[in-house]
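Just below is one structure, and these are the notes that go with it.
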Amino acid sequence: DALVLDSYLEVAAEDLGYKSVAELKKKLSIKP
Numbered sequence: 001d002a003l004v005l006d007s008y009l010e011v012a013a014e015d016l017g018y019k020s021v022a023e024l025k026k027k028l029s030i031k032p
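Here the sequence shown is numbered in the UniProt record's numbering, starting from 1 and rising by one per residue.
Below is the structure:
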């Protein structure tokens with residue numbers, strides 16, 4: 001499942017104009 005999610009995030013990151021999945025994950029991560 002993690003690999004599928006990463007693949008999806010990679011595509012989503014490109015579509016949204018992010019340089020990398022890591023950058024997208026930083027934007028999506030919710031910190032308490």
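Yeah, the Cβ is synthetic: ideal placement off N, Cα and C, and Gly gets one too.
Gly17 has its alpha-carbon roughly 16 Å from the corresponding atom of Asp6.
Using a 10 angstroms sphere on the CB of Ala22, the tally of other CB atoms stays under 16, which defines it as exposed. Sequence-distant Cβ neighbours of Lys27 in its own chain, meaning closer than 8 Å and more than five residues away, are Tyr18.
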